[in-house]
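Following: one structure in structure tokens, then a few remarks.
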DNA sequence: CCTTTGTGCAACTCTGTGGTTGCACTTTAT
DNA sequence: ATAAAGTGCAACCACAGAGTTGCACAAAGG
């Protein structure tokens, strides 16, 4: 079942299994923030299914201006989800989904906290 | 290793394994949006580690006003991550992390797309 | 060389959101 | 009954984000 990025059932490079809960503000902010916009998720999916593309091409498939799409791409790029490569006079954007592991990491840590809380409740004298 | 919510290695109630990529706008927007704020993630973690609490109590542990905290709690609640219960004159907030499964669902779907793309590249004649 | 196509930059508008303050209302306690 | 503690609502401000338009600059192509 594929091998691309390391966030499958097995490993999920969870950063700091303990000492978590420190919120790790910086990265997760921009990451979750980038994913919070449907247009941006759409762009990511498009780039994954149809392969790398330029801002102008992507703009043609949306009701948005090239500039608007460009801004979205830049948001995604600063979140680490994209990178670009200049070809001739065009700039081709490509998905680099490694940061997603961080998101899953936080979520799984949170899920663990929840589980621990449940356990604690279970251990209470009825 | 606990049982709380169903997003562990095994199942991850992935909604629509195919037909994904439809972006499912609504819910994921508010969900990722809610998680995009460090204060809100902090509040979730606090509520999980120290158990349910009121807005006023939570406000004491932050540099924020009760009103600000209140707004954050409401954002989290409309994202489905919290619910509240009125006790006497107080309102107690509690974490309900089930929606997190949706977030992981999208991420895993995206990871799958990535994997498929890798596979496609591998199958190309060198 | 001149036209086309694509990108880069900047200014501007509009709306949403984080945060505040102020006050009214309800519940508990003295 | 009255004071204290807690919540609810509304107005307000400041700033960031989404989106637009306009124009200048770089690369291909005739």
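Chains as they are written, first to last, in our numbering: chain A, 69 to 194; chain B, 69 to 194. No residue lacks a Cβ here, since even glycine has one placed at the ideal position from N, Cα and C. These numbers come from a predicted model, not from an experiment.
Quick one: is residue i buried, meaning 16 or more other Cβ sit within 10 Å of its Cβ, or exposed?
i                      : result
residue 158 of chain B : exposed
residue 146 of chain B : exposed
residue 163 of chain A : buried
residue 191 of chain B : exposed
residue 188 of chain B : exposed
residue 109 of chain A : buried
residue 77 of chain B  : Note that residue 77 of chain B scores 39 on pLDDT, short of 50, meaning its location in the model is unreliable; the coordinates nonetheless yield the value given after this. By the neighbour-count rule (16 or more Cβ atoms within 10 Å), residue 77 of chain B is not buried but exposed.
residue 131 of chain A : exposed
residue 185 of chain A : buried
My assumption, with CB atoms under 8 angstroms, is that residue i sits in contact with residue j. Please give the rounded CB distance.
i                      : j                      : result
residue 144 of chain B : residue 112 of chain B : 7 angstroms
residue 141 of chain B : residue 167 of chain B : So it is not a contact: roughly 15 angstroms between Cβ atoms.
residue 129 of chain B : residue 114 of chain B : 7 angstroms
Going by DSSP, what residue range makes up the beta strand (DSSP E) through residue i?
i                      : result
residue 157 of chain A : From DSSP, residue 157 of chain A is part of no beta strand (DSSP E); its letter is neither H nor E.
Return the first residue and the last residue of the alpha helix (DSSP H) that residue i is part of.
i                      : result
residue 171 of chain B : 168-191
- Message: If we require 4 or more residues per run, which alpha helix (DSSP H) segments fall completely within the segment 94-141 of chain A?
- Response: Taken in chain order, the complete alpha helix (DSSP H) segments of 4 residues or longer contained in the segment 94-141 of chain A are 106-118, 123-128.
- Contact between the segment 95-108 of chain A and the segment 90-109 of chain B (3+ Cβ pairs under 8 angstroms): yes
- Query: Is it a yes or a no for the segment 161-181 of chain A touching the segment 178-186 of chain B, going by three-plus beta-carbon pairs under 8 angstroms?
  - Reply: yes
- If you pair each beta-carbon of the segment 149-163 of chain B with each one of the segment 121-141 of chain B, do three or more pairs fall below 8 angstroms? Result yes; three or more Cβ-Cβ pairs closer than 8 angstroms.
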